[in-house]
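Here is the structure we will look at, set down as structure tokens.
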Amino acid sequence: MKKYSIEIKWALIFVVVTLLWMWMEKLVGLHSEYIEKHMIYTNFFMIPAILVYVLALREKGRVFYNGTMTYMQGFISGLVITLIVTIFSPLTQWIISYVITPEYFPNVIEAAVRLEYMTQEEAEAYFTFNNYVLQSLMYAPIMGIITTAIVAIFTRGKTEES
């Protein structure tokens, strides 16, 4: 377990960052007043998500691998983070959907119908907690693997000793 303590720490940080991002989206109105713009601005979450992976792999290289980490070691570390984030994704989605922003689904259904993206029935079928959990269980590992593959390139080799 100690071997993966850095990955566990950063996976939990990733979950907290995700929840804070969703709370911020709600505060600025992307889940209500400006819901039409949500599809665009939610993509900016990639910035803190990538930053978490960079900081995690840098720490793993510095602390666990004594300043030198191979690409494969970094990739495996990122995969462990991704696995933990994926395991927590249903709970994360529950907190988002029922604690942070319970009005999101009704709001997004109304907007999708009003903007004629979907019929009422299609929107009600698509924008559900269960569908979002399934999406997060698919999206988290795909994006985590892609992010890990790229970030491990830049965090391999000599890492800063600071």
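In our numbering, the protein residues as written are 68 to 229. All C-beta atoms, glycine included, are put in the ideal place defined by N, C-alpha and C. Note that the coordinates shown come from a computational prediction; the quantities given were computed from them, not determined experimentally.
Ile-167 beta carbon less than 7 Å from that of Glu-191: Looking up residue 191 in the sequence shown gives position 124. Looking up residue 167 in the sequence shown gives position 100. No. Outside cutoff.
Contacts around Glu-227, its chain only, beta-carbon distance under 6 Å, and the 5 residues preceding and following it disregarded: Taking the sequence shown and counting its residues from 1, one reaches residue 227 at position 160. Any reading at Glu-227 is ruled out, since the residue's pLDDT is 48, under 50, leaving its predicted position unreliable.
His-98 versus Ala-123, Tyr-165, Met-68, Phe-172, residue with shortest Cα-Cα distance: Within the sequence shown, residue 98 is the residue found at index 31, counting from 1. Out of Ala-123, Tyr-165, Met-68, Phe-172, Phe-172 has the C-alpha closest to the C-alpha of His-98.
Beta-carbon proximity check, Val-152 vs Tyr-71, cutoff 7 Å: Sequence index remark: in the sequence shown, residue 152 carries index 85 (1-based). Sequence index remark: in the sequence shown, residue 71 carries index 4 (1-based). Contact flag unset, no.
Three-state secondary structure (DSSP) of Val-134: For the purposes of this step, residue 134 is taken as residue 67 along the sequence shown, with counting starting at 1. Note on residue identity: the sequence assigns Gly, not Val, to residue 134. Of the three classes helix, strand and coil, the one that applies to Gly-134 here is coil, per DSSP.
Minimum C-alpha distance to Val-180 - residue among Phe-81, Val-84, Glu-103: As a working mapping, residue 180 is identified with position 113 in the sequence shown. Of the listed residues, the one whose Cα sits closest to Val-180 is Glu-103.
Inter-stretch contact (C-beta, 8 Å, three-pair minimum) for the region 155-162 and the region 193-208: yes
Pair within 7 Å by beta-carbon distance, Gly-145 and Thr-195: Along the sequence shown, read from residue 1 onward, the residue named residue 145 stands at position 78. Along the sequence shown, read from residue 1 onward, the residue named residue 195 stands at position 128. No, the Cβ-Cβ distance between Gly-145 and Thr-195 is not below 7 Å.
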